[in-house]
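Chemist: Please find one structure pasted underneath; my questions will follow.
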Amino acid sequence: MKNAENTSATVDGADCIRITGARVHNLKDVSLTIPKNKITVFTGVSGSGKSSVVFDTVAVEAQRQLNGTFGWFIRNQLPKYERPQADVIENLTTPVIVDQKPVGGNARSTVGTMTDIQPMIRALFARYGTPSEGRVSLFSFNDPQGMCPGCEGLGQSVQVDLDRMLDRSKSLNEGAVLFPEYKVGSPDWQIWAASGRFDPDKPLKDYTDDELHELLHGTGGKVKVSTKNTSFQTNYEGLVDRFSRLNLKRDLSTLSERKREVVERFVTNGVCQTCEGARLSPQALAVRIDGRNIADWSRMEIADLVELLAAIEDPQVKQLADAARTALERVVSIGLGYLTLDRPALSLSGGEGQRLKLIRHLGNTLTGLTYVFDEPSTGLHPRDVGRLNELLRALRDKGNTVLVVEHDPDVIAIADHVVDMGPGAGVHGGEVVFEGTVDRLRSADTPTGRGLRSVTPLKDTARKPQGALRIEGATLHNLKNVSVDIPTGVLTVVTGVAGSGKSSLIAEVFPKAHPETVYVDQSAIPASSRSTPVTYLGLMDPIRKLFAKASGSPAGLFSFNSAGACEECQGRGVIITELAFMDPVTTHCESCGGRRFREEVLQHRLRDKSIADVLEMPAEEAVEFFHEKALNAKLRALVDVGLGYLSLGQPLSSLSGGELQRIKLADQLHRTGSVYVLDEPTTGLHMSDVDTLVALLDDLVDRGNTVVVIEHNLDVVQRADWVIDLGPEGGKDGGEIVFTGTPRDLIAHASSLTGEHLRRYREAAAAEG
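Residue numbers for the sequence shown follow UniProt numbering, beginning at 1 and rising by one.
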């Protein structure tokens with residue numbers, strides 16, 4: 001351990017996890033003792049090495065050793081983990097890793113399936129439903145016996161988009177049907193126009209309901225159809241039914257690329273008309289408990305479903321109902337009672353997914369485990385952080401070790417032990433700068449210590465809006481006919497508890513109403529394993545051309561994906577050796593020394609630097625190296641968004657969601673007069689970096705942009721020009737505008753939960769000050 005303030009924080013080595021000489025990523029020979037059966041919170045600026053210690057050293061080695069206890073056959077089916085670079089990692093216990101990686105699955109994965117609660121509800125309907133069926137598989141939308149035949153259990157189906165297919169102001173003779181194959185005079189067009197069932201000169205907007213149904217879905221009878229060379233009789237078939245049979249009742253991938261592109265212009269992915277989104281067969285949906293079928297149960301908010309299960313007293317199924325109710329109560333206890341069992345897993349936020357991963361662990365009575373959390377407060381309103389802290393304490397009190405990577409001061413406050421990493425990020429970090437109690441950390445001379453002591457001022461003078469962007473009558477998800485103006489030319493923060501409707505309103509409704517919006521979220525960047533910050537920002541080609549010009553060599557020579565790649569490792573810099581049943585072994589390529597290029601490529605220089613030297617540069621150094629205007633501007637944008645510590649050649653796959661969001665933002669910073677929407681941009685940010693972020697947002701506004709931020713961080717809220725607070729609660733109890741106005745007015749608002757917590761935050765800061 002280097003430079004750590006640790007005078008009285010020594011942990012008894014007999015009852016601790018011990019690390020000696022850790023060198024994973026940027027860790028600089030780190031040695032640590034982490035107390036068992038305690039809550040240890042790891043803090044530090046982004047990129048300081050927190051995750052390298054907790055996840056890439058402790059968790060990986062614990063998982064590797066656990067997998068090693070299984071037989072060879074089982075071990076071969078499990079993920080392979082390479083031993084982390086460290087001299088000693090000992091006294092580990094069985095790990096439970098709860099990270100923010102997407103919960104995964106596919107279109108069939110739901111909250112109910114991922115938490116293993118849905119199978120219990122299925123069993124309840126099979127045993128207790130009326131009429132009794134007895135087959136659990138009948139109630140599974142993943143089983144052929146239970147799935148809807150129309151959508152095969154997906155609840156969604158590809159359907160004809162009538163607004164794209166028809167011009168209702170025209171008649172059939174005028175070309176009301178817009179699909180090219182159904183043009184006026186074509187054989188298909190004649191099926192309807194020559195059927196005698198309609199006036200071909202009558203505009204479709206004047207059709208009666210019966211006429212329109214007959215045009216779209218009619219059947220029966222024959223129609224004479226003529227072509228250039230012949231004529232024949234064919235069955236009458238409604239337009240939608242014919243289009244669907246010929247184009248949609250088959251895999252679109254079997255169509256020619258040209259035909260598929262045309263067809264896709266006239267269809268939309270909508271709710272299945274057969275099951276109305278329930279995913280199940282008519283036989284399954286006919287079974288009811290107290291007048292509700294299983295789809296009705298799955299659509300109910302979990303908090304309400306708990307009450308339904310509590311009312312079941314039949315001794316034959318009471319044990320099953322109680323087990324399901326207990327599992328659902330755990331979901332409520334972690335602040336997710338507003339979710340429904342049919343909510344698609346892929347639609348969950350990182351914070352929601354992380355908390356749901358816990359459900360299966362909360363009910364067990366195992367002790368002596370090591371729980372590892374990655375910023376569990378992500379996506380949580382300050383009101384809900386208290387619930388999270390209760391959960392962490394409960395895990396500890398059962399006799400478990402709890403390791404938490406976190407920035408939130410309220411979570412840091414409950415730590416029994418704190419490890420602060422730093423002092424900076426990337427090459428400037430990788431050291432333990434403090435170990436000890438929270439109280440001692442508050443007085444420590446580290447970025448975290450200073451951040452805990454700092455008091456951010458409340459914004460007094462707000463910018464005046466230049467205009468407004470209107471949202472009118474929004475009803476998506478739980479939004480209750482919401483109408484609101486988003487002021488332009490200012491910084492607006494949208495707040496509210498989890499599930500209150502923030503993302504529905506700002507991330508979904510608002511961009512559709514105003515397509516010019518630049519939406520920057522935390523989703524993964526579609527990229528290959530070789531993608532880097534400079535490839536994403538479009539800087540690799542200009543850099544290669546500079547080297548080509550300086551050396552007189554082809555630009556392709558300076559690509560580790562092309563002519564310049566080391567032949568031994570194919571430009572990867574490492575060689576991964578798979579050893580059958582053994583864990584893989586990754587070694588630096590001896591041929592290129594891990595630098596990915598052939599030796600002759602590295603002889604070529606640009607301002608005394610090789611291409612490998614440049615890719616190893618952090619962005620903050622590259623800004624000084626590249627004075628070319630276009631390159632410099634993009635690299636400076638990386639520094640401006642707080643990513644100056646990233647090396648230009650670092651794989652994007654190694655970055656957190658917050659870092660990916662800031663890279664996307666860096667790619668958009670050159671705009672002026674734009675509307676930016678950012679989804680929780682403080683995710684992954686240390687409290688000392690929030691100032692940098694707010695300064696960046698202020699600069700965007702000052703350059704003539706409109707910035708709208710979905711955010712829980714109270715430091716950001718109190719520095720906004722305008723606040724829109726949704727609620728009052730989540731789910732069905734949310735979806736309303738609770739408050740609009742300045743931060744100062746928010747503090748005085750009587751019913752806003754955000755206002756209440758901002759007021760407490762200000763009072764606590766004043767007391768400490």
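Where is the CB? At the ideal position from N, CA and C, for every residue including glycine.
Just the C-alpha distance for Phe-434 and Val-418, rounded to the nearest angstrom, thanks.
Modeler: 8 Å
Chemist: Straight-line CA distance for His-757 to Asn-713?
Modeler: 11 Å
Chemist: Look at Leu-92 and Ser-52 and say whether their C-beta atoms are less than 8 Å apart.
Modeler: Their beta carbons are not under 8 Å apart, which means Leu-92 does not touch Ser-52 by this criterion.
Chemist: With distances taken Cα to Cα, identify the nearest neighbour of Gln-668 among Gln-650, His-686 and Leu-700.
Modeler: Leu-700
Chemist: Exposed or buried, what is Pro-95 when buried is set at 16 or more other beta-carbons lying within 10 Å of its beta-carbon?
Modeler: buried
Chemist: Taking Cβ positions, are Val-716 and Val-694 nearer each other than 8 Å?
Modeler: Cβ atoms of Val-716 and Val-694: closer than 8 Å.
Chemist: Near Val-404, what residues of its chain come up, given a Cβ to Cβ distance below 6 Å and the 5 sequence neighbours on each side ignored?
Modeler: Val-41 and Phe-373
Chemist: Tell me the residue span of the alpha helix (DSSP H) that contains Met-540.
Modeler: 540–551
Chemist: In the DSSP assignment, what residue or residues form a beta bridge with Pro-282?
Modeler: Its beta-bridge partners do not exist; DSSP assigns none.
Chemist: Quick one: measure Cβ to Cβ for Ile-414 and Arg-442, integer angstroms, because I've assumed they're closer than 8 Å.
Modeler: Actually they do not touch by this definition, with Cβ atoms about 14 Å apart.
Chemist: For the region 306–326 and the region 118–128, state whether three or more C-beta atom pairs, one from each stretch, are separated by less than 8 Å.
Modeler: yes
Chemist: Taking 8 Å as the cut-off, decide whether the C-beta atoms of Leu-491 and Val-707 are in contact.
Modeler: A contact, by the Cβ cut-off of 8 Å.
Chemist: Under 6 Å Cβ to Cβ from Ile-97, same chain only, skipping five residues before and after it: list those, please.
Modeler: Ala-59 and Val-372
Chemist: In chain order, what residues of the same chain have a beta carbon less than 7 Å from the beta carbon of Gly-153, not counting five sequence neighbours either side?
Modeler: These residues qualify, in order along the chain: Arg-108, Phe-141, Asn-142, Met-147 and Arg-279.
Chemist: At the level of alpha carbons, what is the spacing between Asp-725 and Val-497?
Modeler: A direct Cα-Cα distance of roughly 9 Å separates Asp-725 from Val-497.
Chemist: Which word fits Gln-354, buried or exposed, when buried means at least 16 other C-beta atoms lie within 10 angstroms of its C-beta?
Modeler: It is buried - the Cβ of Gln-354 has at least 16 other Cβ atoms within 10 Å.
Chemist: For Val-271, I'd like the list of residues in its chain whose CB is within less than 6 Å of its CB, leaving aside the five on either flank, ordered along the chain.
Modeler: Once the five neighbours on either side are set aside, the close Cβ partners of Val-271 are Gly-277.
Chemist: Leu-615 lies in the alpha helix (DSSP H); which residues open and close that run?
Modeler: Segment 611–615, the alpha helix (DSSP H) holding Leu-615.
Chemist: Just the Cα atoms here: how many angstroms apart are Asp-29 and Val-509?
Modeler: Spanning the two alpha carbons is a distance of roughly 50 Å.
Chemist: Can you find the residues in the same chain that come closer than 6 Å, C-beta to C-beta, to Phe-243, ignoring five residues on each side of it along the sequence?
Modeler: Val-160
Chemist: Which two residues bound the contiguous alpha helix (DSSP H) that contains Phe-510?
Modeler: 510–513
Chemist: Sort out for me which residues DSSP pairs Trp-722 with in a bridge.
Modeler: The partner list for Trp-722 (beta bridge, DSSP) reads Thr-492.
Chemist: Taking the straight line between their C-alpha atoms, what separation do you get for Leu-356 and Glu-181?
Modeler: 49 Å
Chemist: For Phe-125, which residues in the same chain have their Cβ closer than 6 Å to its Cβ, ignoring the five residues on either side in sequence?
Modeler: Phe-139, Val-287 and Ile-294
Chemist: Which class does Phe-139 belong to by DSSP, given the choice of helix, strand or coil?
Modeler: helix
Chemist: CB Ala-62 to CB Thr-20, shorter than 8 Å?
Modeler: no
Chemist: Answer with buried or exposed for Gly-351, where buried requires no fewer than 16 other C-beta atoms within 10 angstroms of its C-beta.
Modeler: buried
Chemist: When you compare the CB positions of His-749 and Pro-447, do they come within less than 8 Å of one another, or not?
Modeler: The answer is no: Cβ separation not under 8 Å.
Chemist: With which residues is Ser-647 paired in a DSSP beta bridge?
Modeler: Pro-618
Chemist: Relative to the alpha-carbon of Leu-615, which residue among His-25, Ser-647 and Gly-727 has its alpha-carbon at the smallest distance?
Modeler: Ser-647
Chemist: Quick one: what does DSSP say Ile-289 is sitting in, helix, strand or coil?
Modeler: For Ile-289, the secondary structure class from DSSP, reduced to helix, strand or coil, is strand.
Chemist: In chain order, what are the residue ranges of uninterrupted beta strand (DSSP E) at least 3 long that sit wholly in the region 344–419?
Modeler: Taken in chain order, the complete beta strand (DSSP E) segments of 3 or more residues contained in the region 344–419 are 370–374 and 401–405.
Chemist: Grab me the residues of Gly-47's own chain with a C-beta within less than 7 Å of its C-beta, minus the 5 sequence neighbours each way, in chain order.
Modeler: Ala-425, Gly-426, Gly-429 and Tyr-645
Chemist: If distances are taken between C-alpha atoms only, which option among Glu-590, Met-617, Glu-567 and Phe-626 comes closest to Arg-598?
Modeler: Glu-567
Chemist: Given that a residue counts as buried once 16 or more other Cβ atoms are within 10 Å of its Cβ, and exposed if not, what is Ile-74?
Modeler: exposed
Chemist: Counting only runs of 3+ residues fully inside the region 455–483, write out the beta strand (DSSP E) ranges in chain order.
Modeler: Those beta strand (DSSP E) runs which fall completely within the region 455–483 and span 3+ residues are 467–474.
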